[in-house]
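*Asks:* Counting the sequence shown from 1 gives a position; my numbering is that position plus 1.
Don't be surprised by glycine CBs; every beta carbon is placed ideally from N, CA and C.
All figures in this text were calculated on a predicted structure; none of them were measured in a lab.
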Amino acid sequence: MIGLCLGLAGAVWAQLPVTDFTLAWNHTIEKIRWEEDYRVTEQGLVLGEARVKGNGAGMEVPDGARLKNGSWHYQRQLPPLQPLKLGRTPEAGDYQLCVDGACQPMSHWLGPPKASQPTVELWSCG
Numbered sequence: 002m003i004g005l006c007l008g009l010a011g012a013v014w015a016q017l018p019v020t021d022f023t024l025a026w027n028h029t030i031e032k033i034r035w036e037e038d039y040r041v042t043e044q045g046l047v048l049g050e051a052r053v054k055g056n057g058a059g060m061e062v063p064d065g066a067r068l069k070n071g072s073w074h075y076q077r078q079l080p081p082l083q084p085l086k087l088g089r090t091p092e093a094g095d096y097q098l099c100v101d102g103a104c105q106p107m108s109h110w111l112g113p114p115k116a117s118q119p120t121v122e123l124w125s126c127g
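1. Residue 119 and residue 90 - do their beta-carbons sit closer together than 8 Å?
2. Closest to residue 75 by CA distance: which of 93, 7 and 35 is it?
3. What did DSSP end up calling residue 79 once you bin it into helix, strand or coil?
4. With distance defined between alpha-carbon atoms, name the residue in 77, 20 and 93 nearest to residue 3.
5. Return the CA-CA distance between residue 97 and residue 108, expressed in angstroms with no decimal places.
6. Distance check for residue 123 and residue 6, CA to CA, integer angstroms please.
7. Going by alpha carbons, who is nearest to residue 14 out of 127, 110 and 62?
8. Are the CB atoms of residue 83 and residue 127 within a distance shorter than 8 Å?
9. Identify, in the order they occur along the chain, each residue of the same chain with its Cβ nearer than 7 Å to the Cβ of residue 66, setting aside the five sequence neighbours on each side.
10. Thinking C-beta only, is residue 55 closer than 8 Å to residue 33?
11. How many angstroms separate the CA atom of residue 101 from the CA atom of residue 22?
12. Identify which residue in 29, 24 and 9 has its Cα closest to the Cα of residue 104.
13. Secondary structure at residue 113, three-state DSSP: helix, strand or coil?
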């Protein structure tokens, strides 16, 4: 079964048996929540809809976004991401992975963010 791997440079630190997930985080300065929905495919992670609660320093609402239930909803056309690289440091706070509406910080699977390991990658794996 295809799933989601978390790690770096092909080394798997955690593997989740999911086909869809939401990546969520708070902007480090504005403290505004961002969410991106992904589908896990053999070609990589396919970005679906994304949402942001507002705009601020360095975070403009994309053209074509529509306001719904207090968030701006939008879609970007990107090829499958394989891997999706994320900066993860103690100063920035942690990402959340949400599956079926239940969210957990990445630290649930990987431990807390560390300055000595400022990057994590997500990719589809079997």
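*Replies:* According to the structure data:
1. On the sequence shown, residue 90 is found 89 positions in, with the first residue counted as 1. On the sequence shown, residue 119 is found 118 positions in, with the first residue counted as 1. Yes; because the gap between Cβ atoms is below 8 Å, this pair is in contact.
2. Residue mapping note: residue 75 aligns to position 74 of the sequence shown, counting from 1. Selected option, being the one with the closest Cα: 35.
3. Residue numbering aside, residue 79 sits at position 78 when the sequence shown is read from its first letter. Three-state DSSP puts residue 79 in coil, outside helix and strand.
4. Residue mapping note: residue 3 aligns to position 2 of the sequence shown, counting from 1. Cα-wise, what sits closest to residue 3 is 20.
5. One-based indexing of the sequence shown puts residue 97 at position 96. One-based indexing of the sequence shown puts residue 108 at position 107. Approximately 9 Å, taken between the alpha carbons.
6. Residue numbering aside, residue 6 sits at position 5 when the sequence shown is read from its first letter. Residue numbering aside, residue 123 sits at position 122 when the sequence shown is read from its first letter. Taking the straight line from one Cα to the other gives about 6 Å.
7. Along the sequence shown, one-based indexing puts residue 14 at 13. Ranking 127, 110 and 62 by Cα distance to residue 14 puts 110 first.
8. Within the sequence shown, the letter at position 126 stands for residue 127. Within the sequence shown, the letter at position 82 stands for residue 83. Contact flag unset, no.
9. In the sequence shown, residue 66 corresponds to position 65, counting from 1. Around residue 66: 73, 74 and 75.
10. In the sequence shown, residue 33 corresponds to position 32, counting from 1. In the sequence shown, residue 55 corresponds to position 54, counting from 1. Yes. Within cutoff.
11. Counting from one through the sequence shown, the residue named residue 101 turns up at place 100. Counting from one through the sequence shown, the residue named residue 22 turns up at place 21. The straight-line gap from Cα to Cα measures roughly 8 Å.
12. Taking the first residue of the sequence shown as 1, we reach residue 104 at position 103. Answer by Cα proximity: 24.
13. Against the sequence shown, residue 113 aligns to sequence position 112. Residue state, collapsed to three classes: coil.
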